[in-house]
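Asks: Protein chains in written order, with the numbering used here: chain A, 1 to 489; chain B, 490 to 643.
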Amino acid sequence: MITIPYLTAVSTYFSYGLLFAFGQLRDYSRLLFDWWRTNNLQGYAPICLAHEDFYIRRLYHRIQDCFGRPISSAPDAWVDVVERVSNDNNKTLKRTTKTSRCLNLGSYNYLGFGSFDEYCTPRVIESLKKFSASTCSSRVDAGTTSVHAELEECVAKYVGQPAAIVCGMGYATNSAIIPVLIGKGGLIISDSLNHTSIVNGARGSGATIRVFQHNTPSHLEKVLKEQIAEGQPRTHRPWKKIIVVVEGIYSMEGEICHLPEIVSICKKYKAYVYLDEAHSIGAIGKTGRGVCELLGVDTADIDIMMGTFTKSFGSCGGYIAGSKDLIQYLKHHCPAHLYATSISTPSAQQIISAIQVILGEDGSNRGAQKLARIRENSNFFRAELQKMGFEVLGDNDSPVMPIMLYNPAKIPAFSRECLRENLAVVVVGFPATPLLLARARICISASHSREDLIKALQVISKAGDLTGIKYFPAAPKKQDEEKYGIKLD
Amino acid sequence: MYVRALPTTDVNRNTEWFTYPGVWTTYILILFFSWLLVLSVFHCSPGIAWTIVHLAHFTVTYHSFHWKKGTPFGDDQGIYNRLTWWEQIDNGKQLTRNRKFLTVVPVVLYLIASHTTDYQHPMLFLNTLAVFVMVVAKFPHMHKVRIFGINGDQ
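Structural data, given as structure tokens:
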């Protein structure tokens, strides 16, 4: 639930209206201008239909320097951001050779495996020497090594399910698996704020899609009841299968799913549960086993658990864990398994080593320390930001915290001001978020030290004052100054 | 001072913004401020200013609601490419609160414009034509109808 000051909502609509109006005027003048120029592509169809690229051309390109910044070092707590210059008002950007060392609050580096790790990296290099960088084949042809088999067992044990299957790309895991699980005549009920990979997979499957209000189990029950009563569209026959798709932590809100209620509703109406733990696996829960461990849900109740290795494990790829029959079926039918190149062996080794560190099987307690540190860091950062008066979304314990910006002009202002002070943040606007709700998304890592976080808070506070995003009144400052001995304005 | 924004179930990002709080107020405020702007720029009588606002409103809203089809971004893979904004809003459901509000606004503007010009001739004709086209375009029966193939697909 987001609380917006009314004046901010009105001014945001007005700003977007102005931006769209100017974009339209420019498009019309471009049309007039091109009337004189002869077109040497007569008879060819246009690449973009009508106004499909209007938003990109007229709004996104204006602030393009805030997105897609190249980095030239590993995405650790501090990262080298390459500076870019533009000679034509951000339409094209050229990389320079200068880099600036910035505090990294944008990478999904939750447990700090994103750079050199004393246990994982030597093992990865060994596996690179032994197996080489790519398997050059799909899993069923010649692309399964002993490391792949070990990885699938390791993941299944870690997550708490009987078996698992691993795919080389996280996005492709969702978009290739969902069409295999359900087809025409089935029903997919997905949360309204699900990730694009799930939406793509759902649309590609041919099943009917219904959406329920974000993280609201009562609305899910209402939608389930209605749909089961009505049956398939037009024929009203009963549905062949119903799958409810939810995520563990929603990447744009930082909210944790209300899993126990949703699982009990699905059991009551006999629907399958598909849980996408891309951001929550390895980051929350006492031993990092994700949202099930945090909320006390038995993993046997969840039919399909999906996750990615890009966030907490510092690697690439995704996995699906479930019953042995399900995984056997997927191994025979999933195109990502049959035709796509398998995950590269050193990446697989990185995942195995990371899981071993997290579980303490490498002989040290670094895993437990990392998990405790990320929890402490997230809670500290969120509490401090809320005390300063920012509107921060997300539940406690979640390492993802979006700071609401709302106005479109504040998006580049906040981003550029932070970069000037050597703080790299990710800002997101329409259409990835709703029109009104543009935000700056902060991802905390276990490799951030307390000094890093305090410096980040100072920079964010200064940028926040300049751009005016402290929408709530700040808490009284007396006890903070005494506690940290520095001035936080 | 603060409003709560409940997340909606509309997946179409092109029309979802219309369900958040503050839109109706912004719309009415834009109309009012553009009337003030026209008055200050053209130094005309208030009636002529309202007529200009009404006709400009007609042009802008007809173009953006009933002429332009699809969405201004490519993320939805073109599933709305045959639908105008009016046909996309509220997932195609007719006679919702938003649709009723958007139908009432041009009619109220028409009444204000014709009252302040004392129902005199050239303005009355133009205003009536504009409001007639606007209201007919918003009828539930006109959902996905393309008269004589105007604005139809190739």
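Built from N, CA and C at the ideal position, the CB exists for glycine as well. Everything numeric in this text was worked out from a predicted model, so none of it was measured.
1) Using a Cβ-Cβ cut-off of 8 angstroms, state whether E482 of chain A counts as contacting chain B.
2) Hey, does E576 of chain B have any beta-carbon neighbour from chain A nearer than 8 angstroms?
3) Taking the alpha carbon of I188 of chain A as the point to measure from, which residue in A:Q213, A:I177, A:H219 and A:K241 has its own alpha carbon closest?
4) Rounding to the nearest angstrom, what Cα-Cα distance links N104 of chain A and A336 of chain A in this structure?
5) Give me the subset of the segment 540–559 of chain B whose CB atoms are less than 9 angstroms from a CB atom of chain A, sorted by chain position.
6) Are F522 of chain B and P595 of chain B touching if we call contact CB-CB under 8 angstroms?
7) Provide the residue(s) that pair with K558 of chain B in DSSP beta bridges, ordered along the chain.
8) Which ranges does the alpha helix (DSSP H) cover as unbroken runs of at least 4 residues, wholly within the segment 298–343 of chain A, from first to last along the chain?
9) Helix, strand or coil, according to DSSP, for D489 of chain A in the structure here?
10) Could one say the Cβ of H214 of chain A lies closer than 8 angstroms to chain B's Cβ atoms, at least one of them?
11) For the segment 445–478 of chain A, list every residue whose C-beta sits within 7 angstroms of some C-beta in chain B, in sequence order.
12) Is the beta carbon of W575 of chain B closer than 8 angstroms to that of H552 of chain B?
13) Which residues in chain A sit within 9 angstroms of Y509 of chain B, going by Cβ to Cβ distance?
14) Could you tell me which chain A residues have their CB closer than 8 angstroms to the CB of I519 of chain B, listed as they occur along the chain?
15) Put M631 of chain B into one of helix, strand or coil per three-state DSSP.
16) So what does DSSP say about P426 of chain A, is it helix, strand or coil?
17) Would you check if there are 3 or more beta carbon pairs closer than 8 angstroms linking the segment 346–361 of chain A to the segment 194–213 of chain A?
18) For T188 of chain A, decide whether its Cβ has a neighbour in chain B, counting only Cβ atoms nearer than 8 angstroms.
19) Have a look at A:H195, A:L330, A:S353 and A:R382 and flag the residue whose alpha-carbon is nearest the alpha-carbon of S315 of chain A.
20) At 9 angstroms on the CB atoms, spell out the chain B contacts of F430 of chain A, in chain order.
21) Within the 8 angstroms Cβ cut-off, does R571 of chain B reach chain A?
22) Quick one: residues in its chain with C-beta nearer than 7 angstroms to the C-beta of K370 of chain A, no 5 flanking neighbours on either side, listed in chain order?
23) Going by DSSP in three states, D642 of chain B sits in which element: helix, strand or coil?
24) To the nearest angstrom, report how far apart I442 of chain A and A372 of chain A are at their CA atoms.
25) Quick check: the Cα distance between G512 of chain A and D80 of chain A, rounded to an integer number of angstroms?
Replies: So, from the listed chains and residues:
1) For E482 of chain A, the pLDDT reaches just 49, beneath the cut-off of 50, and the residue's location in the model is therefore unreliable, leaving the point undetermined.
2) It does not: the Cβ of E576 of chain B has no partner Cβ on chain A nearer than 8 angstroms.
3) Answer by Cα proximity: A:K241.
4) Cα to Cα, the separation comes out at about 33 angstroms.
5) Per Cβ criterion, the list reads V549, H552, S553, K557, K558 and G559.
6) No. Outside cutoff.
7) According to DSSP, which records beta bridges pairwise, K558 of chain B is partnered with B:T573.
8) Taking only runs of at least 4 residues, the alpha helix (DSSP H) segments lying wholly in the segment 298–343 of chain A are 324–333 and 335–338.
9) With a pLDDT of 44 at D489 of chain A, under the threshold of 50, the modelled position of that residue is not reliable, and no figure is offered here.
10) Answer yes: the Cβ-Cβ gap between H214 of chain A and chain B drops below 8 angstroms somewhere.
11) Correct list: empty, as no residue qualifies.
12) Not a contact, by the Cβ cut-off of 8 angstroms.
13) Ordered by position in chain A, the residues that pass the 9 angstroms Cβ test against Y509 of chain B are I4, A9, Y13, P434, L435, L436 and L437.
14) For a Cβ distance threshold of 8 angstroms, residue set F14 and G17 of chain A lies close to I519 of chain B, ordered along the chain.
15) In the three-state scheme derived from DSSP, where H, G and I count as helix and E and B as strand, M631 of chain B is classed as helix.
16) Here residue 426 of chain A turns out to be Val, not Pro, going by the sequence shown. The DSSP-derived three-state label of V426 of chain A is strand.
17) Two segments are said to touch when three or more pairs of C-beta atoms, one from each, lie closer than 8 angstroms; by this definition the segment 346–361 of chain A does not touch the segment 194–213 of chain A.
18) Residue identity check: residue 188 of chain A is Ile in the sequence provided, not Thr. Chain B contact via Cβ: absent.
19) Comparing Cα-Cα distances from S315 of chain A to each of A:H195, A:L330, A:S353 and A:R382, the minimum goes to A:S353.
20) Scanning chain B for C-beta atoms nearer than 9 angstroms to the C-beta of F430 of chain A yields R502, W506 and F562, reported in chain order.
21) No, R571 of chain B does not count as interfacial toward chain A.
22) These residues qualify, in order along the chain: L111, G112 and A446.
23) D642 of chain B falls in the coil class under three-state DSSP.
24) I442 of chain A and A372 of chain A have their C-alpha atoms roughly 19 angstroms apart.
25) Here chain A has residues from 1 to 489 only, and residue 512 of chain A is not among them.
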